[in-house]
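See structure below.
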Amino acid sequence: MAATPATFLLSSSCSSFSLSSSSSSRPPRCSFLSKPPIVIIKRPLPLTSRFLRLPSADSFLQTTTPTSTRSTSRVIARTSLRDSGGPGEEEDDAPSSSPSDLESHSLQFDLVGEDSAVFDLGQQKILSWLYFTGILGAVLFALNVAWLDNGSNGLGLGSAFIRSVSGLSESHEVVMLLLILIFAAAHSGLASLRDAGEKLIGERAFRVLFAGISLPLVVSTVVYFINHRYDGVQLWQLQAVPGVHELVWLSSFMSFFFLYPSTFNLLEVAAVDKPKMHLWETGIMRITRHPQMVGQVIWCLAHTVWIGNSVAVAASVGLIGHHLFGVWNGDRRLAISYGEAFEIMKSRTSVIPFAAILDGRQELPEDYYKEFIRLPYLSITILTLLAYFAHPIMQAASFRLHW
1144 MAATPATFLL
1154 SSSCSSFSLS
1164 SSSSSRPPRC
1174 SFLSKPPIVI
1184 IKRPLPLTSR
1194 FLRLPSADSF
1204 LQTTTPTSTR
1214 STSRVIARTS
1224 LRDSGGPGEE
1234 EDDAPSSSPS
1244 DLESHSLQFD
1254 LVGEDSAVFD
1264 LGQQKILSWL
1274 YFTGILGAVL
1284 FALNVAWLDN
1294 GSNGLGLGSA
1304 FIRSVSGLSE
1314 SHEVVMLLLI
1324 LIFAAAHSGL
1334 ASLRDAGEKL
1344 IGERAFRVLF
1354 AGISLPLVVS
1364 TVVYFINHRY
1374 DGVQLWQLQA
1384 VPGVHELVWL
1394 SSFMSFFFLY
1404 PSTFNLLEVA
1414 AVDKPKMHLW
1424 ETGIMRITRH
1434 PQMVGQVIWC
1444 LAHTVWIGNS
1454 VAVAASVGLI
1464 GHHLFGVWNG
1474 DRRLAISYGE
1484 AFEIMKSRTS
1494 VIPFAAILDG
1504 RQELPEDYYK
1514 EFIRLPYLSI
1524 TILTLLAYFA
1534 HPIMQAASFR
1544 LHW
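For the sequence shown, the numbering used here gives the first residue as 1144, with consecutive numbering after it.
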């Protein structure tokens, strides 16, 4: 959220700061008033390490500082931003406010979580993105050789895995559900073991292990769905109904804007930066606390309406069931990691989209749309459109695997 012209941040590393007037004959262009700051000590409250700005036109300063004792104090001071008009010009004091008024004002915009989908180009390091590119290339190469390639140059483990699961049942619906169940057990199981695993082998090593197991399983599940999506019993046929194609396309497109914000932290996903468990609170999180689940439900319903057979229904039931479990498991893990901060965030958000907004627990800022005008969402828009037009390529690649 963009700061107003009179908004500053006070660094928590500063042990003190001066509010005395300058002795120069020419007043500074920007200076603190001589009145001392008002310090309000609030009840213990865990906060994240991100500095938060007050999106108000009032001239207040706010900073949040984490401490080992999970307590916080807020420093609120008036500032003056007046252009110097020449020697002898004096700055007018702003109207004074009582501490209770200031605290009430600050609570209106108080956040305990992080700002979602933030990408600061000025803080990016070229070397980090070179590492990311190299890691991505190495992962795709290893995935092809070990899992996808059935020829003499590959191990063909993916084909062996699909044959093993398919041998358990002749029903494509059952095999589809089994593949989703195996992926869900590995993905959610490893996520639940994250804290213990990171303590044992480190954050980056655990992320590599997590991706090394999850990625081949999700690729196998997606390829099997593409190859068998029109198998099974046809339950309805709506593809010729006017408007259905447009509805399905728009729903599928919108579903990708419900990605969980951690997905945008590509350097953490690739373990270039040390992976962290984040508590997000802005952007899509204001609409629903579990956007990944909502997006998956939208995508599943759209594709089930379009395909209209038993395999599509089985895939949707499995995927939605996995994400509903993820709602409970995700809240449980965040409660363990963030304690009271998560409970505060939970109290003003909802699982069902817009529920917290409608019952008054969540109030959208006037410039809420700005939380989506960010590079990650522009990237999602471009990639989603490319994925739609690349459907024939993805289908052809899947058919060649004969899974």
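A virtual CB, placed ideally from N, CA and C, is assigned to each residue, including glycine.
Keep in mind it's a predicted model, so treat the numbers as computed, not measured.
> What residues in its chain sit with their C-beta under 7 Å from that of ARG1350, if we drop five residues either side in the sequence?
Replying inline: ALA1414 and PRO1418
> Whole-angstrom Cβ separation of GLY1469 and SER1259, contact assumed at under 8 Å?
Replying inline: Wrong, their Cβ atoms sit about 18 Å apart, outside the cutoff.
>> Once DSSP output is grouped into helix, strand and coil, what is the label at ASN1296?
In response: coil
> Does DSSP put GLU1257 in a helix, a strand or coil?
Replying inline: strand
> Is it buried or exposed for GLY1256, if we count other Cβ within 10 angstroms and need 16 for buried?
Replying inline: buried
>> Quick check on TRP1442: does DSSP put it in helix, strand or coil?
In response: helix
> Roughly how many angstroms separate the alpha carbons of PHE1400 and GLN1382, rounded to a whole number?
Replying inline: 25 Å
> Are ILE1430 and ILE1500 close, meaning C-beta to C-beta below 9 Å?
Replying inline: yes
> Under a three-way DSSP split, which group does LEU1423 fall into?
Replying inline: Looking at the sequence itself, residue 1423 is Trp, so the reference to Leu does not match. TRP1423: strand per DSSP, three-state reduction.
> Under three-state DSSP, which class holds ASN1452?
Replying inline: strand
> Considering only C-alpha positions, which residue in the set GLU1424, GLN1538 and HIS1371 is nearest to ALA1484?
Replying inline: GLU1424
> Based on the DSSP secondary-structure assignment, which residues constitute the bridge partners of GLN1267?
Replying inline: GLN1267 is not bridged to any residue.
> Mapping DSSP to helix, strand and coil, what is GLN1435?
Replying inline: helix
> So LEU1422 packs on TYR1481, CB below 8 Å; how close in whole Å?
Replying inline: 5 Å
> Can the beta-carbon of SER1522 be found closer than 9 Å to that of LEU1444?
Replying inline: no
>> Using only the alpha-carbon positions, how far apart do LEU1378 and SER1459 sit?
In response: 14 Å
> Terminal residues of the continuous alpha helix (DSSP H) containing TRP1290?
Replying inline: Run containing TRP1290: none; DSSP gives neither H nor E here.
> In terms of residue numbering, what span does the alpha helix (DSSP H) encompassing PRO1519 cover?
Replying inline: 1518-1532
> Where does GLN1377 fall in DSSP's three states?
Replying inline: strand
> Going by Cα to Cα distance, which pick from ILE1450, HIS1433 and PHE1353 is closest to ILE1369?
Replying inline: ILE1450
>> Here's the rule: buried if 16 or more other CB atoms are within 10 angstroms of the residue's CB, otherwise exposed. What is VAL1376?
In response: exposed
> Is the segment 1343-1362 close to the segment 1323-1333, with three or more CB pairs under 8 Å?
Replying inline: yes
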